[in-house]
Amino acid sequence: MAFDKAKAVSAAEKHLAQGKIPAAIEEYRRIAEQDANDVTALNTLGDLYARINKKREAIPCFMRVAEHYREQGFALKAIAVFKKVSRLDKNAPGVTRSLATLYEQQGLVVEARAQYLALVEAATQAGQARDALDAMRRIADLDPQNVNIRFRLAEGYQRENLPENAADAYAEAGARLLTRGDAGEALKAYHLAHELRPRSHPILQGIISAHFALGDAGRAAAVLEDAIAEAPSDLELRALLSRAYIESSNAAAADRAVSALVNIEQTNYPLLFDVARLYLQQGETPEAVRALSQAIDPALSGRQESALLELLNEALARDPEQIEALRLLLRIYTWLRDDERMRVTLERLAEAAQANNLIDEERRALEHLVRLVPLDQTYRERLDALGEPPAFMEGYEEDGLDALAPASLSGETPPAENVLGAGEPFVAAIPLGESEPSAAEFEWNTVIAAPDSFVAPDPSTSFADLRDDLGGFDLAGQEGAQEIPLINPFSDSPAGSSPTGSAGSSAGPDAMLTQELESVDYYLAQGYSDIARDTLDMLERQYGAHPEIAARRAQLTGDDAATVTPTFGDMPDVTAAATDDSYSFSKESLSAYEFAAEEVVAPAPETQTVDLNAAMFVKSFTEEPATNAEAARHSAPPSAGPPTIAPPAAASHTTATTAAPAPPAAAGIDAGLAAIFDEFREAVEETQPDAVEDYETHFNLGLAYKDMGLMDEAVEEFQTAVGLAAPQDGTAHYLQCCNMLGHCFMQKGMPRPAAMWFTKGLDAPGHIQDEYQALRYELGAAYEEMGELDKAIETYSIVYGFDVSYRGVAGKLRELQARKTEVRG
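Sequential numbering from 13 applies to the sequence shown in this note's numbering.
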């Protein structure tokens with residue numbers, strides 16, 4: 013036969029009305045078995061068991077109801093039901109902890125702390141020291157400003173041989189003390205934590221911050237030096253040390269620490285900017301420039317040229333003739349391919365070299381200017397005035413530079429475009445007849461000449477340009493396609509000769525191939541692998557297989573696969589790297605390009621030094637740029653910036669119970685640990701947490717208690733809530749509490765205090781008449797319950813005067829008048 017729930021509920025209510033509790037229990041038990049989610053039936057069943065003093069049967073019913081409410085997110089109702097269980101059995105398993113957790117979630121700090129203290133007491137009596145410590149930690153978290161509790165907790169952890177947890181507690185105490193401004197006591201707490209966990213970065217951060225607060229930056233750095241000596245590969249410690257020296261304005265020490273860090277991990281190069289700023293603040297411009305020279309490679313790769321330019325310009329503002337700063341500035345503009353600024357910087361470099369009587373430096377700057385601006389005779393004249401003209405000028409007539417002027421068929425000078433990209437300034441360079449090209453060269457290519465017409469060589473045209481103009485089509489694969497003949501613009505052939513000159517012409521196939529291979533070399537030097545590969549393909553189709561073409565292709569393939577990231581063990585020495593032959597194409601072929609180092613006094617015979625600044629400047633023009641894969645890696649922002657010192661924060665205590673496997677608890681608590689628990693309890697009881705009481709939480713919890721029939725607890729919560737409200741605070745909070753307190757006392761059979769609260773509510777100003785009307789009616793009911801018929805009749809009469817039909821007040825008045833007449837009769 014199917015179960016009829018409605019019929020069972022009706023039967024249960026009938027049994028209750030008749031006072032047949034056992035029969036009602038049986039019906040509700042059947043309902044709960046058939047519908048496990050009917051928490052109302054379960055709660056009623058628990059109440060009925062409690063009425064007949066069957067606590068053992070009542071507790072499981074209430075626990076199921078409480079867990080249901082907690083899982084559904086009804087925390088206040090769950091608290092109310094757990095309180096029912098607690099009244100039946102204070103030692104019921106899990107109830108105290110559940111209440112503590114729920115109180116904590118609701119922000120009821122005082123109530124949560126009381127429950128956790130009960131847990132500490134129970135665990136202490138049971139000899140479960142670690143459970144007691146866990147509860148103590150939760151109490152400390154509820155009152156974070158109470159540092160004494162943290163110290164007692166840390167001592168307890170040490171007694172139980174839990175050094176990690178103890179270190180967390182000491183560090184938290186140190187953080188609170190430091191926030192409070194007590195740096196001396198904070199330092200003591202951090203040192204206690206450091207003894208237990210010497211390599212903890214947060215604890216070291218706290219020690220550093222405390223030392224700085226005390227004005228003792230040197231001691232902070234000494235602590236970090238000791239830590240690094242024990243863990244030299246710890247990059248975060250090195251970053252902390254670097255930042256400590258920078259904060260203490262110790263430029264030399266900061267330079268040393270940052271250089272060591274950057275040599276291991278280049279992504280920390282932004283710290284070199286801070287070192288340079290520090291040097292500039294102290295007026296040490298050469299040292300600032302030296303720090304920037306160490307940062308320039310990773311900074312350019314990381315697209316930080318703006319920061320470099322800012323600092324270099326500041327250095328030059330202090331010392332306009334700083335040679336190394338001008339070199340670095342020129343290197344940046346070369347990287348950016350900014351021709352105009354390159355020209356201005358080269359002029360400044362030449363003038364600074366002239367002012368400092370650095371003849372070789374001036375000559376090389378002027379040589380670059382001649383290559384950069386070949387039509388400006390001023391630079392040529394200044395270069396000639398220095399004597400000993402460079403090798404690349406030999407063999408040319410005085411008007412040799414004039415021949416470089418590009419001319420169109422109409423005789424007008426066309427706008428020059430850089431083969432590196434449209435719209436960029438064109439950089440012209442005179443090609444050398446040397447066997448190996450230099451990275452600073454620019455190629456000169458030829459154009460197809462119309463039959464029987466004079467064609468002047470156009471330096472702005474190359475194979476790559478031609479390929480782009482034709483949309484990237486394969487010329488060799490098209491029907492009727494003609495090979496592009498090559499001419500050497502500096503050959504001895506007559507200007508009017510055909511591009512397809514005789515075999516005896518000086519611009520033979522080998523010479524023309526060599527000319528185009530110089531273009532490929534330039535593309536490889538600048539990292540334009542795609543253009544170089546396309547050009548090699550076209551040359552191979554035109555000339556066939558050739559050893560020089562194969563050599564360039566092998567170089568291209570090798571460069572693509574040469575992306576290697578050094579590790580701690582194979583980091584190159586900075587000084588050695590700056591002078592390594594592998595960074596240049598050929599020392600002989602670059603002799604005309606390199607800037608000479610500053611002339612210095614020769615060192616002692618037994619000492620050999622390297623001018624790192626000059627080497628780095630030379631390297632900016634000579635070293636091979638990154639290949640495709642490597643350039644992609646460098647162009648992306650660094651994956652991680654340098655670690656910085658965060659504000660001191662205590663180490664997380666989330667690992668408090670998992671730092672070490674807990675051994676089985678002893679039968680009793682150690683006497684020393686018991687004393688610590690007692691001190692902890694006293695410290696908690698003597699202090700009141702600075703918690704912000706929440707009216708809504710207490711009021712809603714009172715409602716939950718009232719619904720569950722826990723009137724004492726409901727009254728306590730409503731009284732707390734009314735203390736957080738005021739009669740004239742512009743809200744209905746005070747009136748609501750007065751009303752609920754009156755109802756609770758009425759349900760407890762105490763009409764006199766109920767009448768007092770109803771009266772208080774009526775005295776609160778600023779509410780609508782309907783709210784006052786309800787309170788007057790309830791006040792009349794309280795007077796009626798007290799037997800004060802005259803006051804009841806008077807109150808009901810006021811209600812009647814406002815609304816004759818309000819809740820049957822007219823009938824109430826007739827009934828009370830009749831009772832009053834009977835009493836008098």
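Where is the CB? At the ideal position from N, CA and C, for every residue including glycine.
These numbers come from a predicted model, not from an experiment.
Could you check what DSSP says for residue i in three-state terms: helix, strand or coil?
i, result
"residue 305", "helix"
"residue 280", "helix"
"residue 172", "coil"
"residue 831", "helix"
"residue 310", "helix"
"residue 800", "coil"
"residue 228", "coil"
"residue 64", "coil"
"residue 752", "helix"
"residue 260", "coil"
"residue 210", "coil"
"residue 772", "helix"
"residue 822", "helix"
"residue 714", "helix"
"residue 758", "helix"
"residue 349", "coil"
"residue 32", "coil"
"residue 721", "coil"
"residue 186", "helix"
"residue 15", "coil"
"residue 249", "helix"
"residue 743", "coil"
"residue 593", "Only weak support is given to the placement of residue 593: the predicted model assigns it a pLDDT of 38, under 50, and the question is left unresolved by the model."
"residue 780", "coil"
"residue 139", "coil"
"residue 157", "coil"
"residue 132", "helix"
"residue 817", "coil"
"residue 294", "coil"
"residue 330", "helix"
"residue 385", "coil"
"residue 316", "coil"
Less than 8 angstroms between the CB atoms is what I'm expecting for residue i and residue j, so what's the real figure, rounded?
i, j, result
"residue 283", "residue 713", "Contact doesn't hold; Cβ gap of about 54 angstroms is too wide."
"residue 378", "residue 360", "With a Cβ gap of about 12 angstroms, residue 378 and residue 360 do not count as contacting."
"residue 706", "residue 119", "5 angstroms"
"residue 808", "residue 821", "5 angstroms"
"residue 788", "residue 811", "5 angstroms"
"residue 2", "residue 229", "The requested residue 2 does not occur in the structure, where the chain is confined to residues 13 to 837."
"residue 17", "residue 47", "7 angstroms"
"residue 710", "residue 747", "Incorrect: roughly 16 angstroms between the Cβ atoms, too far for contact."
"residue 257", "residue 243", "Between residue 243 and residue 257 the Cβ distance is about 18 angstroms, and since that is not below 8 angstroms, they are no contact."
"residue 252", "residue 216", "6 angstroms"
"residue 189", "residue 225", "With 8 angstroms as the limit, residue 189 and residue 225 do not qualify as a contact, their Cβ atoms being about 10 angstroms apart."
"residue 561", "residue 552", "5 angstroms"
"residue 838", "residue 384", "The chain is shown only over 13 to 837; residue 838 falls outside these bounds and no answer can be derived."
"residue 691", "residue 268", "Not really, about 48 angstroms apart at Cβ, beyond 8 angstroms."
"residue 36", "residue 24", "5 angstroms"
"residue 763", "residue 804", "About 10 angstroms; that fails the 8 angstroms criterion."
"residue 717", "residue 729", "6 angstroms"
Decide yes or no for the touch test of the region 135-149 against the region 165-173: beta carbon pairs closer than 8 angstroms, at least 3 of them.
-> Here the region 135-149 makes contact with the region 165-173; the two share three or more CB pairs at distances below 8 angstroms.
Would you check if the region 106-117 and the region 717-736 touch, i.e. whether three or more CB-CB distances between them fall below 8 angstroms?
-> Taking 8 angstroms as the limit for Cβ pairs, the verdict is that the region 106-117 does not touch the region 717-736.
Looking at C-beta atoms only, is the number of pairs between the region 61-68 and the region 76-86 that lie closer than 8 angstroms three or more?
-> Taking one beta carbon from each stretch, the region 61-68 and the region 76-86 have fewer than 3 pairs nearer than 8 angstroms; the two do not touch.
Sufficient close CB pairs (3 or more, under 8 angstroms) joining the region 198-207 to the region 716-729 = Taking 8 angstroms as the limit for Cβ pairs, the verdict is that the region 716-729 does not touch the region 198-207.
Quick one: any contact between the region 316-332 and the region 342-357, if contact means 3 or more CB pairs under 8 angstroms?
-> Yes, the region 316-332 touches the region 342-357.
Is the number of C-beta pairs between the region 774-784 and the region 752-765 that are closer than 8 angstroms three or more?
-> The region 774-784 is not in contact with the region 752-765.
In chain order, which alpha helix (DSSP H) runs of at least 4 residues are fully inside the region 65-125?
-> Listed in chain order, they are 67-83, 87-100 and 107-117.
Per the contact definition of three or more C-beta pairs closer than 8 angstroms, is the region 283-302 in contact with the region 321-337?
-> Taking one beta carbon from each stretch, the region 321-337 and the region 283-302 have 3 or more pairs nearer than 8 angstroms; the two touch.
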